[in-house]
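Student:
Numbering (the working numbering), first residue to last: 370 to 554.
This is the structure:
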């Protein structure tokens, strides 16, 4: 066991003397000069960071306006103090038609048919993918919409909606031919 320790001690002495012998010369004079010169130079100036403006959040304020691709709605406003003079109101006693169960936005015109006698019928796809034949006088949509005109490209109707003061007002609406799903026939 003593031999093992003696060998390790001998190895340590050899390594120490080898390291001491290698460090005798001053071979780093050029490096020391470069470091001294670098420390002596004036230090660079870093410009301050630019002043950033505070972020102002954009508030979208057109959400309550009409969508740009919807046809304009012409609503006649009356004075708040006035009593409603119109006698417009929906006929609640008539039997409801099938297309009155669907919102007008879920309905689409997909074509037309010409019946005997020249009557023009419009073909309307409902929200459940059914096709219905309608003509002037039929009702569609959930706002008591009565069809007043049918052409090869459009259905004109008048809806009866509440005016906000206990009365009713007529509102013209239209449904255009959806050319992507069908053609006039």
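Idealized CB from N, CA, C, for every residue including glycine.
From the DSSP output, read off the bridge partner residues of residue 389.
Tutor: According to DSSP, residue 389 bridges with nothing at all.
Student: Could you name each continuous alpha helix (DSSP H) segment of 4 residues or more that falls completely within the stretch 444-532, going from the start of the chain to the end?
Tutor: Complete alpha helix (DSSP H) runs here, min 4: none at all.
Student: Apart from the five residues on each side of it in sequence, which residues of its chain come closer than 7 Å, Cβ to Cβ, to residue 513?
Tutor: If we look at residue 513 and ignore the five residues flanking it on each side, its Cβ neighbours are 459, 528 and 529.
Student: Any idea if residue 503 is buried or exposed, counting beta-carbon neighbours within 10 angstroms, 16 or more meaning buried?
Tutor: That one is buried.
Student: Compute the Euclidean distance between the alpha carbons of residue 421 and residue 413, then round it to the nearest angstrom.
Tutor: Between residue 421 and residue 413, the C-alpha separation is close to 24 Å.
Student: Please name the residue in 542, 510, 498 and 491 whose C-alpha comes closest to that of residue 522.
Tutor: Checked all of 542, 510, 498 and 491; the closest Cα to residue 522 is 491.
Student: I'd like to check one pair, residue 466 with residue 508: are the Cβ atoms closer than 7 Å?
Tutor: The answer is yes: Cβ separation under 7 Å.
Student: Hey, would you say residue 473 sits closer than 7 Å to residue 510, going by beta carbons?
Tutor: Closer than 7 Å, so yes.
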